[in-house]
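Undergrad: The structure follows.
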Amino acid sequence: MYKWIALFSQTGSEIVEIMKRTNRIPHLIVTNNLDNTYSPELYKLNIPILLGKHKVLMDYLRTQNDWKVIITLHGYLRILPEDICLNFSIYNGHPAPIHLYPELIGKDKQEDLFTYKDKYAKIGSVIHKVTADLDRGEIIISEDQDNDVTSIEDSYIKARELSLKTWIYFFEKYQVQI
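Take 24 as the starting number for the sequence shown in the numbering used here and just add one per residue.
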């Protein structure tokens, strides 16, 4: 049995959706969102939330070597230190088909999928192992579909749904029991 630690920087709404759709609950949620502007549903849950600056959070993770941990990143907007990447099983959801278009590595690439629609025939999402090199780890799961986005907002909505689909597959079909 593994313990699941979920990290986010933005709202944490993806974690809430994953919990609803899979009935899996993280043992700990970690965020560097110091403004406390995350999903109100996270406040209602009886899950510990560790809040702090990136360095403090990484120092905490370094102390978690006494149990098996799976860490998932859900819009955690910091690069993890190499020692953290080497010592844990860490997976990141990336809301663009980097398995088809490696140039979509990085933040907010959903916008490029609309802006350069003629260049990108597919939209998609991947879950990849996390390494110290940004979005360069082994791709574990990919999901893509024809690029039929009609706006930047539509691109974000469709990327979110594809991302949720990959996470659900990750937890239900691929990954060990948490």
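Beta carbons: idealized from backbone N, C-alpha and C, even for Gly.
Could you tell me how far apart the beta carbons of T189 and G116 are, in whole angstroms, since I believe they sit closer than 8 angstroms?
TA: Sure, about 6 angstroms apart at Cβ, within 8 angstroms.
Undergrad: According to DSSP, simplified to helix, strand and coil, what is I107?
TA: Reduced to three states, the DSSP call for I107 is helix.
Undergrad: Can you give me the Cβ contacts of L127 inside the same chain, cut-off strictly under 6 angstroms, excluding the 5 residues immediately before and after it?
TA: Excluding positions up to five away in sequence, the list reads A119, I121.
Undergrad: Is I26 helix, strand or coil by DSSP?
TA: Here residue 26 is Lys; the residue named in the question, Ile, does not match the sequence. Correct three-state label for K26: strand.
Undergrad: Would you list the one or two residues that DSSP bridges to D169?
TA: Partner(s): K145.
Undergrad: Could you say which of Y114, I28, I102 lies nearest to Q87 if we only look at CA atoms?
TA: Of the listed residues, the one whose Cα sits closest to Q87 is I28.
Undergrad: Tell me the residue span of the beta strand (DSSP E) that contains S112.
TA: Residues 112-117.
Undergrad: Looking at the secondary structure, which residues open and close the alpha helix (DSSP H) in which I41 lies?
TA: Here the alpha helix (DSSP H) through I41 covers 36-45.
Undergrad: Work out the CA separation of R159 and D171 for me, nearest whole Å.
TA: When rounded, the distance between both Cα atoms is 26 angstroms.
Undergrad: Could you pull out every unbroken beta strand (DSSP E) segment of at least 3 residues lying fully inside the segment 66-102, listed in chain order?
TA: Qualifying beta strand (DSSP E) stretches, in chain order: 72-74, 92-96.
Undergrad: Does DSSP put K130 in a helix, a strand or coil?
TA: Residue state, collapsed to three classes: coil.
Undergrad: Tell me the DSSP bridge mates of T189?
TA: Answer is none; T189 lacks a bridge partner.
Undergrad: If you pair each beta-carbon of the segment 129-140 with each one of the segment 60-71, do three or more pairs fall below 8 angstroms?
TA: No, the segment 129-140 is not in contact with the segment 60-71.
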